[in-house]
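Trainee: Taking numbering that gives the first Met the number 0, the leading residue of the sequence shown gets 0, the next gets one more, and so forth.
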Amino acid sequence: MAQPLMGKICFLTMVSVAVWAWCVLDTWNHDVSSDLFGITEVKNQQIDPFTGQITGDVSHPFNYPLTLAFFQFLFMAVVFLGFWYLLSRHPAADFARVRENIFTQKWGGLVTTHVFSVFWLQSLMMPGTAMTPMVFATSRALHVPAAAVIRSKVLPGGHFGRFGGHPMATTAFMFGAATLLVFSQTRIAECFCMWSGHGVELAGVALFLIYGLLLILPAANAVFMESVMVELDTNPLLMLSAMNLLACFIFAPILLFAHCSGWENVIKGFTLVANSQQLYMLTLWLCTQMAVMSVVTMALIGLTDSFWAVSLRSMKAAFWWVAKLARVFFLSPTVLSIDHPNASFWGFVMLGGVALVGAAAAIDANSKDLYMEAKTENEKV
Numbered sequence: 000m001a002q003p004l005m006g007k008i009c010f011l012t013m014v015s016v017a018v019w020a021w022c023v024l025d026t027w028n029h030d031v032s033s034d035l036f037g038i039t040e041v042k043n044q045q046i047d048p049f050t051g052q053i054t055g056d057v058s059h060p061f062n063y064p065l066t067l068a069f070f071q072f073l074f075m076a077v078v079f080l081g082f083w084y085l086l087s088r089h090p091a092a093d094f095a096r097v098r099e100n101i102f103t104q105k106w107g108g109l110v111t112t113h114v115f116s117v118f119w120l121q122s123l124m125m126p127g128t129a130m131t132p133m134v135f136a137t138s139r140a141l142h143v144p145a146a147a148v149i150r151s152k153v154l155p156g157g158h159f160g161r162f163g164g165h166p167m168a169t170t171a172f173m174f175g176a177a178t179l180l181v182f183s184q185t186r187i188a189e190c191f192c193m194w195s196g197h198g199v200e201l202a203g204v205a206l207f208l209i210y211g212l213l214l215i216l217p218a219a220n221a222v223f224m225e226s227v228m229v230e231l232d233t234n235p236l237l238m239l240s241a242m243n244l245l246a247c248f249i250f251a252p253i254l255l256f257a258h259c260s261g262w263e264n265v266i267k268g269f270t271l272v273a274n275s276q277q278l279y280m281l282t283l284w285l286c287t288q289m290a291v292m293s294v295v296t297m298a299l300i301g302l303t304d305s306f307w308a309v310s311l312r313s314m315k316a317a318f319w320w321v322a323k324l325a326r327v328f329f330l331s332p333t334v335l336s337i338d339h340p341n342a343s344f345w346g347f348v349m350l351g352g353v354a355l356v357g358a359a360a361a362i363d364a365n366s367k368d369l370y371m372e373a374k375t376e377n378e379k380v
């Protein structure tokens, strides 16, 4: 096999593995989060002697998203700091580089977007009114153009133009692919299966504001990660550790205010997690998943760039459908095209969305790498 072809196959394999790993971790993350917030506790339990029915006061003992966010920041800061110290060849030089640039705007943007993208806003809010499937799907795809625009603003010199170093057609195709994938998923599941919430209902301006932050801030965080790693030449593991450590310092006053105002009893949250083995293990597993997801995101940024690392997250809809198909084909006698023609049709439409992703990648691969050209010109100068 020709060496260039072999290199392309290896590259596509590595990117595919990273994308599917992110999709698996994201699915587990939602499941564990739902389990953690869905744990119920029955008080004043009574059993009807005639029917055997159990009655009582049902409550949710864990409802502390702010405390959970602080756990995540602290856990990831310690874990990544340990790995950096063990694996770094020049820890003093790495630390000096971070100390030199820690007060720049790029670090400020990185930490701020990290705080509000990792913080479980979705655990505090739910829509008070339902959206139409098309509006929902289109809004879920906004992270694609958001990543392109933010990348063009954050990365240096304006060399990326208006679309973050990628052709306009790439951004348009990926936006269409993301919309098609999410819309097909809602049609197959007959629900907004990418939406989750455990808290207050929001509507109107508040809903759109928080919902917009949920979509844009993770994309902005990925762009700032790329900027800090590439421009500031920062060790990735040290960057993740410092990012989470600074997030702890920023989040501590928020946590204190929430406790003093009665919004969330932080001490009770810590006590519950410490005294309950089930809550302790779920919290630990959730923090571990967040740490591994950060590493996978960093790997995707290193293999491609922040635009593709964000855009390819839409493939979790395809991953969800592949998992459903595997259960149908191997564990059920159901014939999908006969018993569920609606799901079969929209599965075919989802395949079209995956084809659009391939088309966007092909357009991007055949276009000029504006960033590398700009970098080469700067090196010559």
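From the three backbone atoms N, C-alpha and C, an ideal C-beta is built for every residue, glycine too.
Excluding the 5 residues flanking Thr66 on each side, which residues of the same chain have their C-beta closer than 6 Å to its C-beta?
Mentor: Val265 and Gly268
Trainee: If you compare alpha carbons, which of Ala92, Leu214, His29 and Phe306 is closest to Ala289?
Mentor: First, the residue type needs correcting, since residue 289 is Met and not Ala in the sequence shown. From the listed residues Ala92, Leu214, His29 and Phe306, the smallest Cα separation to Met289 is found for His29.
Trainee: Evaluate Arg139 with the Cβ neighbour count: other Cβ atoms within 10 Å of its Cβ, from every protein chain shown; 16 or more gives buried, anything less gives exposed.
Mentor: buried
Trainee: Just the C-alpha distance for Gln276 and Thr282, rounded to the nearest angstrom, thanks.
Mentor: Rounded to whole angstroms, Gln276 to Thr282 spans 10 Å at the Cα level.
Trainee: Leaving out the 5 sequence neighbours to the left and right, which residues in its chain are closer than 7 Å to Phe182 when beta-carbon positions are compared?
Mentor: Pro132, Met133 and Ala136
Trainee: Starting from Met242, follow the alpha helix (DSSP H) in both directions and report where the run begins and ends.
Mentor: Pro235 to Cys259
Trainee: Taking buried to mean at least 16 other C-beta atoms within 10 Å of its own C-beta, is Phe328 buried or exposed?
Mentor: By the neighbour-count rule (16 or more Cβ atoms within 10 Å), Phe328 is not buried but exposed.
Trainee: Excluding the five sequence neighbours on either side, which residues of its own chain have a C-beta within less than 6 Å of the C-beta of His142, listed in chain order?
Mentor: Leu214, Ala218 and Val309
Trainee: Three or more C-beta pairs closer than 8 Å, one from the segment 233 to 242 and one from the segment 77 to 89: is that the case here?
Mentor: yes
Trainee: In terms of residue numbering, what span does the alpha helix (DSSP H) encompassing Met349 cover?
Mentor: Pro340 to Asn365
Trainee: On the DSSP letters alone, give me the boundaries of the alpha helix (DSSP H) that Ala140 sits inside.
Mentor: First-last for Ala140: undefined, no H or E at that position.
Trainee: Please classify Ile2: is it buried, with 16 or more other beta-carbons within 10 angstroms of its beta-carbon, or exposed?
Mentor: For the sequence presented, residue 2 should be read as Gln rather than Ile. Its Cβ having fewer than 16 others within 10 Å, Gln2 is exposed.
Trainee: Contact between the segment 104 to 115 and the segment 296 to 305: three or more CB pairs below 8 Å?
Mentor: Under the three-pair Cβ rule at 8 Å, the segment 104 to 115 does not count as touching the segment 296 to 305.
Trainee: How many Å lie between Val348 and Trp19 at the Cα?
Mentor: 20 Å
Trainee: Can you tell me the Cα-Cα spacing of Gly352 and Met173, whole angstroms?
Mentor: 9 Å
Trainee: Taking Ala176 as the reference, which of Asn365, Ala364 and Ala360 has the closest Cα?
Mentor: Ala360
Trainee: Let me check understanding here. Comparing Cα to Cα, which of Ala68, Ile38, Ile209 and Asn220 lies closest to Thr448?
Mentor: Lying before the first or after the last residue shown, residue 448 is absent from the chain, which here runs from 0 to 380.
Trainee: According to the neighbour-count rule (16 or more other Cβ atoms, all chains shown, within 10 Å of its Cβ), is Ala316 buried or exposed?
Mentor: With a 10 Å radius around the Cβ and a threshold of 16 neighbouring Cβ atoms, Ala316 comes out buried.
Trainee: Mark Ala146 as exposed unless 16 or more other C-beta atoms lie within 10 angstroms of its C-beta, in which case mark it buried.
Mentor: buried
Trainee: Going by the beta-carbon positions, is the gap between Leu285 and Val23 smaller than 7 Å?
Mentor: Going by C-beta atoms, Leu285 is not nearer than 7 Å to Val23.
Trainee: What are the boundary residues of the alpha helix (DSSP H) that Tyr84 is part of?
Mentor: Pro64 to Leu86
Trainee: Indicate the three-state DSSP secondary structure (helix, strand or coil) for Phe329 in the structure shown.
Mentor: helix
Trainee: Which stretch, first to last residue, makes up the alpha helix (DSSP H) that contains Met314?
Mentor: Per DSSP, Met314 belongs to no alpha helix (DSSP H) and is neither H nor E.
Trainee: If you draw a straight line from the C-alpha of Glu189 to the C-alpha of Leu179, how long is it?
Mentor: 15 Å
Trainee: Starting from the Cα of Asp34, find the closest Cα among Ala342, Asn365 and Tyr279 and give me that residue.
Mentor: Tyr279
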